[in-house]
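Comments concern the structure below.
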Amino acid sequence: MSDATRAEICAVAVAEAFRGDGEILVSCFGTTAAVGARLARLTFEPDLLMTDGICSLLANVDPVSGEKPEPVVEGWTPFRGIFDLLWGGRRHVMMIASQIDRYGNQNFACIGEHAKPKAQLLGMRGAPGNTISHRTSYWIPNHSPKVFVEKVDVVSGVGYDRAAALGPQTSRFHDIHHVISNLGVFDFETPDHRMRLASLHSGVSVDEVVEKTGFELVIDENVPVTRAPTDEELQLIRQAIDPEGFLNKEVRS
Amino acid sequence: MDKRTTEAEAVAELRDGMTIGIGGWGSRRKPMSIVREILRSPVRDLTVVTYGGPDVGLLCKYGKVKRLVYGFVSLDSIPLEPHFRRARQEGAIPEVRELDEGMLQWGLYAAALRLPFLPTRAGLGTDVMQINPELQLVTSPYEDAEQLVAMPALGLDMAFIHMNRADMHGNGQYLGPDFYFDDLYCMAAKRRFMSCEKIIDTKNLLSEGTLHTLRINRTMVDGVIEAPGGAHFTECTPDYGRDEKFQSEYAATAKDPEAWEAFKAEYLDVSEIEYQEKVATR
């Protein structure tokens, strides 16, 4: 489809990050990530579990905007249940990152020195436990050299170099999967797990990505274009998941 | 045993330098009437252990906190507690012990079970290890020999929680969707005070909720405080939701010293009874 917005392309890239996950809990942060996860569940990953954002698991898909259907509750996940579940590994989280480096070390805790930060952000939250326990991806709606940095100020989410230093036993559940930004999809499918440009969203050039990335990416000779949404996917996004188009406010075309 | 008491009597037991745990989560079912009483007291140099919300923001604003042990400090609908944010950026909290959310639970659970630590992978490879220099590693004594974090027990001098219902003996009931970690705070503490929306007869404890909602039993509690609206302005479902308007007003005072002074005079330099009257007539 040629009339897909950039945000819709991102949502499909998010959905693709969950391909193959099967029957696990998906937790997402950010509007486009939420749309993408719902899209995966409504198409090729019907067994994914999702919460209502509080502590019910919903058997039906909760739209991001528009009229909410009556929730069909299929389970209960108080915070204590979530902690158990995530340490047990049956989860794929898509977190945000205020900073991320070439090995996928993530920071959303604070900017500057932790002892007296220039900007206190979210704090550690669950990032340390998530990243060492189960598959983690990142959604970054504003790709810039301030986000894709040489070195993060504080490490809240573990990257590949630090995981390797922990040894194979301790790091065996560490799995940073995809980083999806408004410009492209990135992965760590390289010999030393440095971040690679996996695909460019339609209309984005390699030069633009390089210019807006604060470290050297691994860039293959031929970088594919991110898969375009199908007609069915666009229909689901626009009619069932996000009829008011909130995702287009997060990522402008 | 009749354990009914008041916020003032509970807070009178606090001493400078004590370690306290505060139940709830973010801006949800926080024992705010007890927190307000702590603000009115002269106590200082507290170590505060909590999944923080406005309790932390207010205690920091009043300069009561020497050490903060936390996983986050949030107002939920406002992702970052603005008074906490300010205190952090000004370096006003002398000792900051920021943990992964799950580690905090583990520390409380270890203390509850009278264990010196519980092992976890959470924290490894992150700056949690640098921020908390006390953290030590432990090696599994079994064949795997895995290295893990030995999350130390977070023993508390006093714990404060807020429930929907309780009886006078210290049996407590939550009626909302989540019990959070309130039982663990109580089990981790030497002295335990539970406020509640309403004290009811023991025989009525099952009239509003199932057996499973009786998360707090009377071995966990030393004092019960009837505090209708005691969690305000945090949420206390199903009795009441979060007072978003009040919370926004509170949050805005972090940027405006005059607004803070006015807010303080109106809502904090007054008794709990006056506070509740003012809230009711807003």
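For the record, the sequence lines run as chains A and B.
Sequential numbering of the first sequence, starting at 1, is according to the numbering used here.
Sequential numbering of the second sequence, starting at 1, is according to the numbering used here.
Heads up, the beta-carbon is just placed ideally off N, CA and C, and yes, glycines get one too.
Simplified DSSP state of residue i, which is helix, strand or coil
i: Val-64(A); result: coil
i: Ser-77(B); result: coil
i: Ile-132(A); result: helix
i: Val-12(A); result: helix
i: Leu-48(A); result: coil
i: Gly-88(A); result: helix
i: Ala-97(A); result: coil
i: Phe-160(B); result: strand
i: Phe-79(A); result: helix
i: Thr-70(B); result: Correcting the residue identity first, residue 70(B) is Tyr in this sequence and not Thr. It is a strand residue.
i: Thr-210(B); result: coil
i: Ala-40(A); result: helix
i: Asn-107(A); result: strand
i: Cys-236(B); result: strand
i: Met-151(B); result: strand
i: Cys-196(B); result: strand
Exposed unless 16 or more other CB atoms sit within 10 angstroms - verdict on residue i
i: Ser-202(A); result: exposed
i: Asp-21(A); result: buried
i: Phe-44(A); result: exposed
i: Gly-36(A); result: buried
i: Arg-252(A); result: exposed
i: Thr-131(A); result: buried
i: Asn-60(A); result: exposed
i: Pro-168(A); result: exposed
i: His-232(B); result: buried
i: His-212(B); result: exposed
i: Val-210(A); result: exposed
i: Lys-203(B); result: exposed
i: Ala-251(B); result: buried
i: Gln-247(B); result: buried
i: Val-225(A); result: exposed
i: Lys-61(B); result: buried
i: Leu-137(B); result: exposed
i: Leu-148(B); result: buried
i: Thr-210(B); result: exposed
Straight-line Cα distance separating residue j from residue i
i: Tyr-109(B); j: Asp-183(B); result: 9 angstroms
i: Ile-38(B); j: Gly-229(B); result: 17 angstroms
i: Ala-280(B); j: Leu-49(A); result: 41 angstroms
i: Glu-244(A); j: Ile-54(A); result: 23 angstroms
i: Arg-4(B); j: Ile-93(B); result: 34 angstroms
i: Ile-100(A); j: Asp-2(B); result: 56 angstroms
i: Ile-237(A); j: Ile-82(A); result: 28 angstroms
i: Ser-27(B); j: Thr-253(B); result: 17 angstroms
i: Arg-90(A); j: Leu-25(A); result: 6 angstroms
i: Gln-106(A); j: Ala-166(B); result: 43 angstroms
i: Leu-42(A); j: Val-223(A); result: 29 angstroms
i: Ala-165(A); j: Ile-131(B); result: 19 angstroms
i: Val-73(B); j: Met-158(B); result: 20 angstroms
i: Leu-58(B); j: Ile-34(B); result: 12 angstroms
i: Pro-141(A); j: Ser-199(A); result: 16 angstroms
i: Pro-238(B); j: Glu-197(B); result: 11 angstroms
i: Gln-239(A); j: Tyr-142(B); result: 54 angstroms
i: Trp-139(A); j: Ala-13(A); result: 10 angstroms
i: Gly-184(A); j: His-143(A); result: 9 angstroms
i: Thr-219(B); j: Ala-112(B); result: 12 angstroms
i: Leu-135(B); j: Ala-228(A); result: 48 angstroms
i: Ser-98(A); j: Glu-250(A); result: 15 angstroms
i: Val-43(B); j: Val-65(B); result: 10 angstroms
i: Thr-31(A); j: Arg-15(B); result: 46 angstroms
i: Thr-190(A); j: Tyr-103(A); result: 10 angstroms
Beta-carbon proximity of residue i to residue j, cut-off 7 angstroms
i: Phe-186(A); j: Tyr-160(A); result: no
i: Asp-127(B); j: Val-158(A); result: no
i: Pro-31(B); j: Ile-161(B); result: yes
i: Ala-153(B); j: Pro-116(B); result: yes
i: Met-163(B); j: Gln-173(B); result: yes
i: Leu-39(A); j: Ala-11(A); result: yes
i: Glu-296(B); j: Gly-123(A); result: Here chain B has residues from 1 to 282 only, and residue 296(B) is not among them.
i: Phe-79(A); j: Glu-150(A); result: no
i: Lys-212(A); j: Pro-145(A); result: yes
i: Ala-189(B); j: Leu-214(B); result: no
i: Val-96(B); j: Leu-68(B); result: yes
i: Ser-137(A); j: Ala-34(A); result: no
i: Ile-219(A); j: Leu-197(A); result: yes
i: Arg-135(A); j: His-92(A); result: yes
For the region 101 to 118 of chain B against the region 75 to 85 of chain B, are there 3 or more C-beta pairs whose distance is under 8 angstroms? The region 101 to 118 of chain B, when compared against the region 75 to 85 of chain B, does not touch it at the 8 angstroms Cβ threshold.
Under 8 angstroms: do the region 205 to 217 of chain A and the region 173 to 180 of chain A share three or more Cβ pairs, one atom per stretch? Output reads no: the region 173 to 180 of chain A does not touch the region 205 to 217 of chain A.
I'd like to know if the region 9 to 24 of chain B and the region 41 to 48 of chain B are in contact, where contact means that at least 3 CB-CB pairs between them fall below 8 angstroms. Because the criterion of three Cβ pairs below 8 angstroms is met, the region 9 to 24 of chain B and the region 41 to 48 of chain B touch.
Counting Cβ pairs, one atom from each stretch, are 3 or more of them under 8 angstroms apart for the region 109 to 116 of chain A and the region 143 to 155 of chain A? yes
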